[in-house]
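*Asks:* Residue numbers for the sequence shown, in the numbering used here: 19 to 129.
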Amino acid sequence: MKSVCVCFLLLAVSTALAADSVLYRLCKNFVGAQNMWKAEGKCPRSFKQGEEAACNDLENFKPPYENDEQERNIMMGVMGCRVTRCELTDEYCESNKATLDRLSPKQKSSE
19 MKSVCVCFLL LAVSTALAAD SVLYRLCKNF VGAQNMWKAE GKCPRSFKQG EEAACNDLEN
79 FKPPYENDEQ ERNIMMGVMG CRVTRCELTD EYCESNKATL DRLSPKQKSS E
């Protein structure tokens with residue numbers, strides 16, 4: 019009976035995780051990678067020439083966006099910048115989850 023309960027629990031957890039969008043999972047994975055770098059003393063990472071100015075421009079960009087693609091690209095850039103600075107947090111992912119879900123590529127249904 020315990021093994022059946024464990025199987026159902028694992029199925030429920032995997033279903034819940036699969037419901038998260040690609041961009042939200044990416045954000046959470048970036049946080050995990052960043053935490054690993056912090057533990058290894060490799061944080062913050064260094065920018066290449068011109069990247070820090072580009073990051074500042076991305077983080078200071080104000081809506082309206084031209085389209086969803088532009089908004090998605092800016093959010094991805096901001097996440098990358100925050101990871102490089104070791105400033106990306108779970109709270110950032112959570113507070114932007116609705117936007118990340120909306121902007122994520124939609125999974126095709128298998129019919």
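Cβ atoms here follow ideal geometry from the backbone N, Cα and C, with glycine treated the same way. All figures in this text were calculated on a predicted structure; none of them were measured in a lab.
Note down, in chain order, each residue of its chain lying with its Cβ closer than 7 Å to the Cβ of aspartate 86, except the 5 sequence neighbours on either side.
*Replies:* The answer, listed in chain order, is Leu121.
*Asks:* Go through its chain and collect everything with a Cβ distance to asparagine 78's Cβ below 6 Å, but skip five positions before and after it.
*Replies:* Hits under 6 Å: none found.
*Asks:* Would you kindly work out how many angstroms separate the C-alpha atoms of methionine 54 and aspartate 108, rounded to a whole number?
*Replies:* One C-alpha to the other measures close to 14 Å.
*Asks:* Between lysine 115 and the rest of its own chain, which residues show a CB-CB distance below 6 Å, the 5 nearest in sequence each way excluded?
*Replies:* The residues are Tyr42.
*Asks:* Just verifying my parser: in three-state terms, what is the DSSP assignment at arginine 100?
*Replies:* In the structure shown, arginine 100 sits in a helix (DSSP, three-state: H, G or I).
*Asks:* Kindly indicate the opening and closing residues of the alpha helix (DSSP H) around leucine 106.
*Replies:* Where leucine 106 is concerned, there is no enclosing alpha helix (DSSP H), given that its DSSP letter is neither H nor E.
*Asks:* Going by DSSP in three states, phenylalanine 65 sits in which element: helix, strand or coil?
*Replies:* Phenylalanine 65 falls in the coil class under three-state DSSP.
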